[in-house]
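K.L.:
Encoded as structure tokens, here's the structure I'll be asking about.
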Amino acid sequence: MKKLIQFKNIVKEFDGNLVLKGINLDIYENEFVTLLGPSGCGKTTLLRILGGFLTPDKGQVMFDGVDICELPPYKREINTVFQKYALFPHMNVYDNVAFGLKIKKEPKDVIEQKVKRMLKLVGLEDFGPRRVNEMSGGQQQRVAIARALVNEPSVLLLDEPLGALDLKLRKEMQHELKKIQQEVGITFVFVTHDQEEALTMSDKIVVMKEGTIQQIGSPTDIYNEPANEFVARFIGESNIIDGIMIQDKEVMFEDKKFACLDAGFAPNEKVDVVIRPEDLDIVPKDQGKLKGVVKSVLFKGVHYETIVETRSGTSITVTMHVSEDKPVVNTEAKEKMSANDFYLDLEDIAELTEADIIARADAQAWDSESEDWISINKVEYEIEPKIGTYPVTFSTKAGTMVSAHMFVREANRIASKEYEEEIYAVNFFKKVDEIKESMALDTDLKTWANASAWSLEDGVMVEITDVVYDFDPENIVPGDYQVTFKTEGYEYMIDTTDKHEVGEEVGLLFGPEDIHIMSRKGSY
Amino acid sequence: MKQFRRMAYPYIAWSIVMIILPMLLIVMYAFTQKGNDVLTFKVTLDNFFRFFSDPIFMDVLKRSMWVAVLTTVLCLLLGYPVAYIIAQSSGRKKVMLVLLITIPMWINMLVRTYAWVGILQDKGLINTILGFFGIGPISLIYTDFAVVLGMVYNFIPFMILQIYTALSKLDKSYLEAASDLGANKVQSFLNVTLPLSLPGVISGITLVFLPAVSSFFIPKMLGGGQYVLIGNVIESQFLTSGNWNFGSAISLIMAVIILISMYITKKLDKTGLNEGGK
Chain U
1 MKKLIQFKNI VKEFDGNLVL KGINLDIYEN EFVTLLGPSG CGKTTLLRIL
51 GGFLTPDKGQ VMFDGVDICE LPPYKREINT VFQKYALFPH MNVYDNVAFG
101 LKIKKEPKDV IEQKVKRMLK LVGLEDFGPR RVNEMSGGQQ QRVAIARALV
151 NEPSVLLLDE PLGALDLKLR KEMQHELKKI QQEVGITFVF VTHDQEEALT
201 MSDKIVVMKE GTIQQIGSPT DIYNEPANEF VARFIGESNI IDGIMIQDKE
251 VMFEDKKFAC LDAGFAPNEK VDVVIRPEDL DIVPKDQGKL KGVVKSVLFK
301 GVHYETIVET RSGTSITVTM HVSEDKPVVN TEAKEKMSAN DFYLDLEDIA
351 ELTEADIIAR ADAQAWDSES EDWISINKVE YEIEPKIGTY PVTFSTKAGT
401 MVSAHMFVRE ANRIASKEYE EEIYAVNFFK KVDEIKESMA LDTDLKTWAN
451 ASAWSLEDGV MVEITDVVYD FDPENIVPGD YQVTFKTEGY EYMIDTTDKH
501 EVGEEVGLLF GPEDIHIMSR KGSY
Chain F
1001 MKQFRRMAYP YIAWSIVMII LPMLLIVMYA FTQKGNDVLT FKVTLDNFFR
1051 FFSDPIFMDV LKRSMWVAVL TTVLCLLLGY PVAYIIAQSS GRKKVMLVLL
1101 ITIPMWINML VRTYAWVGIL QDKGLINTIL GFFGIGPISL IYTDFAVVLG
1151 MVYNFIPFMI LQIYTALSKL DKSYLEAASD LGANKVQSFL NVTLPLSLPG
1201 VISGITLVFL PAVSSFFIPK MLGGGQYVLI GNVIESQFLT SGNWNFGSAI
1251 SLIMAVIILI SMYITKKLDK TGLNEGGK
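Residue numbers (the numbering used here), protein chains in the order written: chain U, 1 to 524; chain F, 1001 to 1278.
Here you go:
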């Protein structure tokens, strides 16, 4: 096959932002090439440079061996299907499609023949006299394709043309486009952020990120052997696990060694291990290479998406003291008021403010009739930077008062070496009613316990994914309860056809060919 | 929204007193004879017969239409490129240009027309300058040229602003599409920009033609006493001849002509373009 288009070291800058950082890319004749990447990756800019709507700051665009950077769009043998179609609103379908031919001053009968043939190709034979505004999104899309193709370009550019269509129509158009491309046999350069679209239609996918190309390859290459974590994550949901390449064809993750097919890494190099959800099998737990517990099962239409946790994350357990205390009632002022005892870290005392105390104690006052909140006017407390119990009294302007205790303790945090993260939570006091009334108990429990987790490497917050407790929030009675907060451990997503029960202990099975190793050394 | 409806009452009352009532009076005067009082109405069509049978009035009507059409065409030919340039420019330059067009409109039209008298008269600015070069004096004022100049000067901002608004609403992707399909700049303009800016052109035409056809003080000041347009006739019937009935009849005829021309432009607008819709 012949190289039709060559991008040579294309650089483009907008207002000091490097949008394209030196793109080198060859596009061959009759190829369906997809530029894939998240928004802002430069894919549309690259397409617009090819279309002639932008000129690169550096580099060359070769078309059939000739540099076309300075050529205006109307002199290029390239046509574009624009993102919002840009159909001329003052013309009907026929005139829109005929536009390019009329400009070229082709004979009327030739124009008519070509337009009719093209409308037939896109399945709109009878729509010629229609106004474009009266057509649906999918039909407008077809008109835009016909309008571009009728000029018999050697390359058709498509700028996210399916973005505005609904899911069903999009799927239809994907097949349609592929069919049209095979029929007319020209090069299609397609821009999208939808990986599925790219995988379905393309001969070649170019994955881009922040103005650089991450990987170029066929859909199967990109899917099975992603060059790096970005590509792997972008191209589809995947299990990406930290691993160490012991030697060629042997990788270690989760403290176990596994055979794989990859080679060429340094001994003991840290790598990312990719296992696709459909390559994992769930087997009885003694037959698997890894063991775990089913955490969740989601029905996805044709399969179940099962999450199996092989090792739990960092966790911390705190005690929740539940009481049945009722709010203080001030019948004279028609006010009610409540506050909880609370725990406080020794190290937090120095920066303690009244607002903190009100928040921690969840101190509230309200009108007993209208339920309107009343502001707390005074907070009286004594505290010393020592472990102990200290009183605090909250009062309103009308003189309603409520007291609580502050328990000062050492901070309760647990670090995990394995995950290089630390988790923190504090014991707390709650009332039966507050738990019963909670709308989002997991979130409220995290707030009440002040639970948080962060990475020890860079201090970035780590999400607490699990809140475990053994009480029934609907029927809770006063007493002490344990609440455990957990970060995400090692979890595998598996596509299965069988439904597994949450909590079931299972084994995971995979072969050497299912393990894909990615270097951590960055881009392609 | 219902409670806001009441806020329209003062306007309704105002428009009844200031617009509808005077209109009815004009209709009443037009179809009655001079000298009727509150109790006796002598209905007649004489006023209309007089207008259409007297060749002088028909000439005046023709001349008025001609001046208005000429003014409109000149405004369009001069205004479109200006509007195009403003729409193409960006940032401060655009703001400055729009201001340049609108600032003169802050000053009373009458005052601005007086200024033209000063510029054009025999001992005015232009002839003084020409005098330095030994040319002239050329009689500029009290000519067709002066009247049309005054009208174009006064009404061209309406044309420019209408076209400019239409052009700046034009989606740039249409031009990209045209260029992509092989059209060079001129072809893009003729096939895309021009047809898509037609709604602006048509409302600009309406806004220039209407005041131009009925203007009376511009021909009076720049055309001198002898230059009579239909507006001047109406004015003199009311103010000098005191024949309110005949004046009303001419006003009514003008109103019908304006209505017809508005109807035609509306029609043009609809058939010329299928924009809108969504």
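No residue lacks a Cβ here, since even glycine has one placed at the ideal position from N, Cα and C. It should be emphasised that the depicted structure is a prediction, and the values quoted were computed from it without experimental measurement.
Are the beta-carbon atoms belonging to A449 (chain U) and I423 (chain U) less than 7 Å from one another?
P.N.:
Contact: no.
K.L.:
When the cut-off is 7 Å and only beta carbons count, does Q6 (chain U) lie next to chain F?
P.N.:
No, because no Cβ of chain F sits closer than 7 Å to the Cβ of Q6 (chain U).
K.L.:
Can you check which of these residues, U:Q482, U:E278, U:G489, is closest to A425 (chain U) by C-alpha distance?
P.N.:
Here the closest residue by C-alpha is U:Q482.
K.L.:
If you draw a straight line from the alpha carbon of P1104 (chain F) to that of I1160 (chain F), how long is it in whole angstroms?
P.N.:
Taking the straight line from one Cα to the other gives about 13 Å.
K.L.:
At a Cβ threshold of 7 Å, is F14 (chain U) touching chain F?
P.N.:
So no, F14 (chain U) is outside the interface.
K.L.:
Within the same chain, show all residues whose beta-carbon is closer than 6 Å to that of N1274 (chain F), passing over the 5 residues directly before and after it, in chain order.
P.N.:
Bear in mind that the predicted position of N1274 (chain F) carries a pLDDT of just 43, short of 50, making it too unreliable to give a figure here.
K.L.:
Could you work out which residues of chain F lie near N151 (chain U), taking near to mean beta carbons separated by less than 7 Å?
P.N.:
What N151 (chain U) touches in chain F: L1181, G1182.
K.L.:
Could you tell me whether the Cβ of P1137 (chain F) comes closer than 7 Å to any Cβ of chain U?
P.N.:
No, P1137 (chain F) does not count as interfacial toward chain U.
K.L.:
From the DSSP output, read off the bridge partner residues of Y390 (chain U).
P.N.:
According to DSSP, which records beta bridges pairwise, Y390 (chain U) is partnered with U:M406.
K.L.:
May I ask you to list, following chain order, the residues of the region 1189-1202 of chain F that have a beta carbon less than 9 Å from some beta carbon of chain U?
P.N.:
Under the 9 Å Cβ criterion, the region 1189-1202 of chain F contributes N1191, V1192, P1195, L1196, L1198.
K.L.:
With L540 (chain U) and V155 (chain U) assumed to form a contact (beta carbons below 8 Å), what rounded beta-carbon distance in angstroms separates them?
P.N.:
Not covered by the structure: residue 540 (chain U). The range shown for chain U is 1 to 524.
K.L.:
Taking the alpha-carbon positions, what's the T484 (chain U) to P473 (chain U) distance?
P.N.:
Those two C-alpha atoms are separated by around 15 Å.
K.L.:
Would you kindly report the start and end of the unbroken alpha helix (DSSP H) that includes K446 (chain U)?
P.N.:
First-last of the alpha helix (DSSP H) with K446 (chain U): 441-448.
K.L.:
Is the region 1196-1207 of chain F touching the region 1156-1170 of chain F, taking contact as three or more C-beta pairs under 8 Å?
P.N.:
As far as the Cβ criterion goes, the region 1196-1207 of chain F touches the region 1156-1170 of chain F, which means the pair count is three or higher.
K.L.:
Work out the CA separation of R130 (chain U) and I1258 (chain F) for me, nearest whole Å.
P.N.:
If you take the alpha carbons of I1258 (chain F) and R130 (chain U), they lie about 34 Å apart.
K.L.:
At which residues does the beta strand (DSSP E) containing Q215 (chain U) begin and terminate?
P.N.:
Per DSSP, Q215 (chain U) belongs to the beta strand (DSSP E) from 212-217.
K.L.:
Within the chosen definition, does the region 232-244 of chain U reach the region 193-203 of chain U through at least 3 CB pairs nearer than 8 Å?
P.N.:
As far as the Cβ criterion goes, the region 232-244 of chain U touches the region 193-203 of chain U, which means the pair count is three or higher.
K.L.:
Could you check if W1014 (chain F) is buried or exposed, using at least 16 other CB atoms within 10 Å of its CB as the buried criterion?
P.N.:
By the neighbour-count rule (16 or more Cβ atoms within 10 Å), W1014 (chain F) is not buried but exposed.
K.L.:
Hey, how far is the Cα of V1060 (chain F) from the Cα of V143 (chain U)?
P.N.:
Their Cα atoms are separated by approximately 54 Å.
K.L.:
Which residues in chain U sit within 9 Å of S1173 (chain F), going by Cβ to Cβ distance?
P.N.:
Within 9 Å Cβ-Cβ: F82, Q83, K84, Y85, A86.
K.L.:
List, in chain order, every chain F residue whose beta-carbon is nearer than 9 Å to that of R147 (chain U).
P.N.:
Here the neighbours are A1177, L1181.
K.L.:
Flag this pair as touching only if the region 1183-1192 of chain F and the region 1089-1107 of chain F have three or more C-beta atom pairs under 8 Å; answer yes or no.
P.N.:
No: fewer than three Cβ pairs fall under 8 Å.
K.L.:
If you scan the region 321-392 of chain U from start to end, which runs of the alpha helix (DSSP H) of 4 or more residues do you find wholly inside it?
P.N.:
Taking only runs of at least 4 residues, the alpha helix (DSSP H) segments lying wholly in the region 321-392 of chain U are 354-361.
K.L.:
Does any residue of chain U bring its CB to less than 7 Å from the CB of L1273 (chain F)?
P.N.:
In this prediction, L1273 (chain F) scores a pLDDT of 49, lower than 50, which makes its location untrustworthy; the coordinate-derived value is nonetheless stated afterwards. Cβ-Cβ to chain U under 7 Å: yes for L1273 (chain F).
K.L.:
If I'm right that N239 (chain U) touches I275 (chain U) with Cβ under 8 Å, what's the distance once you round it to whole angstroms?
P.N.:
Correct: roughly 5 Å between the Cβ atoms.
K.L.:
Quick one: is G1277 (chain F) buried, meaning 16 or more other Cβ sit within 10 Å of its Cβ, or exposed?
P.N.:
Residue confidence is low: G1277 (chain F) scores 35 on pLDDT, short of 50, so the model does not pin down where it sits. No coordinate-derived value is stated.
K.L.:
Out of F:Q1088, F:N1154, F:L1099, F:V1017, state which residue places its alpha-carbon closest to the alpha-carbon of L1210 (chain F).
P.N.:
If we check each option's Cα against that of L1210 (chain F), F:N1154 comes out closest.
K.L.:
Applying a beta-carbon distance threshold of less than 7 Å, which residues of chain F neighbour F53 (chain U)?
P.N.:
E1176, listed in chain order.
K.L.:
Using DSSP bridges, identify the partner residues of T34 (chain U).
P.N.:
Looking at the DSSP assignment, T34 (chain U) forms a beta bridge with U:F190, U:I205.
K.L.:
What ranges does the alpha helix (DSSP H) occupy inside the region 1088-1164 of chain F, keeping only unbroken runs of at least 4 residues that lie completely in it?
P.N.:
Within the region 1088-1164 of chain F, the complete alpha helix (DSSP H) runs of at least 4 residues are 1091-1102, 1109-1120, 1125-1132.
K.L.:
Within 10 angstroms of its Cβ, does E380 (chain U) collect 16 or more other Cβ (buried), or is it exposed?
P.N.:
Counting Cβ neighbours within 10 Å, E380 (chain U) comes out exposed, since fewer than 16 surround it.
K.L.:
Would you give the residue range spanned by the alpha helix (DSSP H) that I1202 (chain F) belongs to?
P.N.:
First-last of the alpha helix (DSSP H) with I1202 (chain F): 1194-1214.
K.L.:
For T1072 (chain F), is the classification buried or exposed, using 16 other Cβ atoms within 10 angstroms of its Cβ as the cut-off for buried?
P.N.:
Classification for T1072 (chain F): buried.
K.L.:
Please determine if the region 1236-1251 of chain F and the region 1045-1054 of chain F are in contact, where contact requires at least 3 C-beta pairs separated by less than 8 Å.
P.N.:
Because the criterion of three Cβ pairs below 8 Å is met, the region 1236-1251 of chain F and the region 1045-1054 of chain F touch.
K.L.:
Using Cβ-Cβ distances below 7 Å, what residues of the region 88-121 of chain U are close to chain F?
P.N.:
Answer in chain order: F88, P89, H90, F99, G100, I103, K104.
K.L.:
Touch check for the region 329-347 of chain U and the region 406-416 of chain U: three-plus C-beta pairs under 8 Å?
P.N.:
Judged by Cβ distances under 8 Å, the region 329-347 of chain U makes contact with the region 406-416 of chain U, as three or more pairs qualify.
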